[in-house]
Amino acid sequence: METNDNILIVENLKKYYYGGGIGKNRVAVKAVDDVSFKIKRGTTMGLVGESGCGKTTVGRTILRLHDVTGGKVTFKGKDLAKLSKKALRKLRPELQMIFQDPYSSLSPRMPVGEIIGEAVREHKIVPPDQYRQHIMKVMRSCGLQPQYFSRYPHEFSGGQRQRICIARSVALNPDFIICDEPVSALDVSIQAQILNLMQDLQDEFGYTYLFISHDLSVVEHISDTIAVMYLGSIVEIGDKVSVFKNPSHPYTKALLSAVPVADPDHRMNRIVLEGDIPSPANPPSGCKFRTRCPYAFDRCSVEVPKLQNIEDCHEVACHLFDDDAAQYEANKKGGISA
Amino acid sequence: MMKTETTLHRKANTQSIFRLFLKNLRRDKLALIGAIFIVFFLLVMIFAPQLAPHAPRDRHYNEAGKIRRLEPPSAAHPFGTTDVGRDIYSQVILGTRTAITVGLLAAFLVTLVGSIIGIVAGYYGGWVDTVIMRIVDFFYAIPFIPFVIVLAAVLRPSIWNIILAVSLLSWRTVARLVRSQVLSVAKRPYIKAGRVAGASNARLMFKYILPNVIPLIMLEMAFMVNWAITAEASIAFLGFGDPNVPSWGQILHTAFATGNSRVAWWWITAPGLAIILLLLSIFYVARALEEVVDPRLRRR
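Those protein sequence lines, which keep their order, are chains E and P. According to numbering that gives the first Met the number 0, the residues represented by the first sequence are 0 to 337, in order. According to numbering that gives the first Met the number 0, the residues represented by the second sequence are 0 to 299, in order.
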């Protein structure tokens with residue numbers, strides 16, 4: 000069964016924030032608008048996009064840290080968006096999250112062992128007499144020495160703190176971990192260590208990751224599939240190799256052209272995007288990217304492009320790939336003459 | 000070498016607030032004097048029955064068998080006597096006990112109630128916060144002294160009612176302060192991390208948030224002790240205190256009520272100085288504590 004294979008299925012996820020105005024005049028900020036994707040058990044999906052495009056909101060909404068405005072999030076056959084608070088708390092150990100900033104995501108007044116063990120005790124993951132051994136084992140597997148058990152977070156460096164955060168998630172034996180920019184607060188050498196640790200843990204325990212990042216080289220390193228987000232929607236999604244080999248959406252092309260290459264003689268053909276990301280409270284009509292797209296044509300301002308297959312496991316939301324382009328042109332001409 | 004360094008470091012953290020406070024005491028001479036006076040007052044309070052040579056309401060007679068009316072300080076009566084020959088020294092010593100008891104008990108109640116309400120309001124936010132803050136506004140609008148007069152009229156005047164009155168009206172200050180601190184703590188990522196770990200609301204409030212606002216709560220408690228002592232003295236001075244329990248405010252009240260405050264300087268000096276000394280001591284110590292809690296006030 001294919002559905003059993005997908006540990007998480009997100010369908011038409013929406014998250015709107017309402018600002019000023021009352022009733023129908025309310026201004027909706029569409030932080031996440033109609034996002035759908037599936038993640039196979041044991042794989043990693045990278046979610047990339049520039050700041051403010053809604054990647055973090057996707058992650059937090061899946062975990063119901065924010066309430067869902069619309070859509071379905073099916074995790075192991077259960078719709079997370081509809082679960083009661085109590086049922087959700089029961090399910091928490093299976094769905095974990097690693098946060099971006101390892102400095103502020105650890106309570107400064109709790110010793111490390113307690114930070115890692117809090118939820119283990121709460122959810123009775125292991126019998127009480129094995130509690131300490133379990134925490135020590137988890138710490139060791141995350142590259143932390145067990146004698147750090149009763150130290151406080153401020154005694155650790157950024158990389159070690161992120162290891163503590165990872166240990167906190169891993170201690171619960173989760174199935175699925177959302178990693179919200181887990182390495183962007185760390186320097187490059189530490190980034191590699193943390194990424195390798197995460198991959199080792201995945202190989203050993205078969206975790207599924209949703210890896211949120213703005214750093215394409217990091218995502219390329221760790222992901223199996225990649226989704227590119229722009230202004231709350233996915234514009235391109237597919238297998239890592241085909242997305243990186245054959246970036247098709249103009250936005251993905253621009254993003255990939257900006258990845259630095261470690262070769263001083265390499266000439267970069269950078270595609271420089273004009274302008275800023277538009278406000279999600281007032282997005283452009285049709286394709287949201289058209290205001291910055293070098294290839295935009297008239298259809299882009301009229302019709303919202305849908306994700307369509309361009310090759311196996313590779314979908315793009317762009318009118319450049321429309322099969323019905325000729326028919327559209329004909330209809331339009333007909334419309335004018337009529 | 001490394002090991003000793005890290006253990007030192009750890010100790011510095013777990014007791015950092017206390018250590019910084021001691022360091023501040025060493026530098027801040029007024030706070031040091033204050034701390035010494037507080038210890039002195041506490042000792043007087045504990046040993047008051049032993050220290051006081053006479054019962055507060057005993058009348059004293061001289062060799063001629065006459066009542067020692069309004070005698071200035073002497074060896075037998077260090078702080079002089081009242082118009083009916085009572086020993087002011089004993090009264091002041093026994094009054095210490097009332098002042099500190101009221102101060103500590105009321106401050107404890109106030110901070111306990113205020114902190115819980117403040118944490119709940121700041122954590123839940125939204126309409127819970129709005130409702131609680133409007134109730135706080137309501138309590139801010141009640142004037143203290145008239146409220147106590149009414150309370151003393153309805154209930155019996157006693158130090159327990161004074162504690163009750165102070166607690167009923169002062170939790171609002173603590174609640175509002177704690178709430179504002181909780182508002183910022185509750186938004187920090189480790190609270191979200193706690194929620195992802197499946198911690199309940201109560202656990203998040205008392206295990207994750209409370210330890211981060213405890214320093215502020217302790218500071219507020221120190222200031223509340225002062226406020227409660229002032230309140231007790233004012234109420235007793237106005238004559239709404241417990242007539243059976245000696246207190247500094249009550250000594251002053253009797254001096255004024257009998258019209259002797261302009262004649263017998265010793266009668267008002269001793270309790271007045273005691274009030275001023277205790278309040279100043281607590282204030283300076285609390286201020287040193289505040290510097291520890293609020294890094295912006297820290298002097299380098």
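Cβ coordinates follow ideal geometry from the N, Cα and C atoms, glycine included. Keep in mind that this is a model prediction, so the values were computed, not measured.
- Within the region 34–97 of chain E, the beta strand (DSSP E) runs of at least 3 residues that lie entirely inside it are, in chain order, 43–47, 69–74, 94–97.
- Put simply, the CB of P:Tyr189 is near chain E, with a gap under 7 Å to one of its CB atoms.
- Unbroken alpha helix (DSSP H) stretches of 4 residues or longer found wholly inside the region 34–101 of chain P: 47–50, given in chain order.
- When rounded, the separation of the alpha-carbon atoms in P:Ile162 and P:Ala105 is 5 Å.
- For P:Thr268, the closest of P:Phe205, P:Pro72, P:His53 by C-alpha to C-alpha distance is P:Pro72.
- The beta carbon of P:Thr172 sits closer than 6 Å to none of the beta carbons in its chain outside the five residues before and after it.
- Taken through DSSP and simplified to helix, strand or coil, E:Thr207 comes out as strand.
- Put simply, the region 197–214 of chain E does not touch the region 62–77 of chain E. Fewer than three CB pairs are less than 8 Å apart.
- Residue pairing by DSSP places E:Phe175 opposite E:Leu94, E:Thr207 in a beta bridge.
- Contact annotation: in the region 153–167 of chain E, residues whose CB is within less than 9 Å of a CB in chain P are His153, Glu154, Cys164, Arg167.
- Straight through space, the alpha carbons of E:Gly58 and E:Pro279 are spaced by roughly 18 Å.
- The C-beta distance from P:Leu150 to P:Ala140 rounds to 16 Å, too long to meet the 8 Å contact threshold.
- Taking C-beta separations shorter than 7 Å and ignoring five residues to either side along the sequence, the partners of E:Glu93 in its chain run Pro173, Asp174, Phe175, following chain order.
- C-alpha of P:Thr129 to C-alpha of P:Val212: approximately 21 Å in a straight line.
- Taking 8 Å as the Cβ-Cβ cut-off, the region 102–122 of chain E approaches chain P at Ser103, Ser104, Leu105, Ser106, Pro107, Arg108, Met109, Glu117, Ala118, Glu121, His122, given in chain order.
- The Cβ-Cβ distance between P:Pro48 and P:Ser89 does not fall below 7 Å.
- In the same chain as E:Gly158, and ignoring 5 residues on each side of it, the C-beta atoms closer than 7 Å to its own belong to Leu185, Ile189, Gln192, Ile193, in chain order.
- Interface residue (Cβ-Cβ distance to chain E less than 7 Å): P:Pro214 is not classified as such.
- Among the CB atoms of chain P, none fall inside 7 Å of the CB of E:Leu82.
- With three or more CB-CB distances shorter than 8 Å, the region 116–123 of chain E counts as touching the region 183–203 of chain P.
- In the DSSP assignment, E:Tyr147 falls outside any beta strand (DSSP E) and carries neither an H nor an E.
- Counting every other CB atom within 10 Å of its CB across the protein chains shown gives E:Tyr17 a total below 16, marking it as exposed.
- Pairing E:Cys178 with E:Tyr151 gives a Cβ-Cβ distance that is not under 7 Å.
- Listed by position along chain E, the residues whose Cβ is nearer than 7 Å to that of P:Tyr207 are Ser106.
- With respect to chain P, the C-beta atom of E:Leu64 has a partner C-beta closer than 7 Å.
- With contacts defined by Cβ atoms closer than 7 Å, P:Gly84 and P:Arg58 form a contacting pair.
- By the Cβ rule, the region 275–292 of chain E does not count as touching the region 256–263 of chain E, because fewer than three pairs are nearer than 8 Å.
- Apart from the 5 residues on each side of it in sequence, P:Leu19 sits with its Cβ closer than 7 Å to the Cβ of Val291 in its chain, given in chain order.
- Judged by DSSP secondary structure, E:Gly157 falls within the alpha helix (DSSP H) whose first and last residues are 157–169.
- Per the coordinates, the alpha-carbon of P:Met132 lies some 38 Å from the alpha-carbon of E:Lys123.
- Rounded to whole angstroms, the separation of the alpha carbons of E:Ile97 and E:Ile165 is 6 Å.
- Between P:Leu288 and P:Leu209, the C-beta gap is not smaller than 7 Å, which leaves the two residues out of contact.
- Against chain P, the beta carbon of E:Gln144 has no neighbour under 9 Å; the closest one sits roughly 12 Å away.
- Those residues of the region 67–100 of chain E placed with their C-beta closer than 7 Å to a C-beta in chain P are Arg88, Arg91, Pro92, Gln95, Met96, Phe98, Asp100, ordered along the chain.
- By alpha-carbon distance to E:Pro101, the top candidate from E:Phe155, E:Leu143, E:Pro246 is E:Phe155.
- Under the 8 Å Cβ criterion, the region 286–297 of chain E counts as touching the region 214–232 of chain E, having at least three qualifying pairs.
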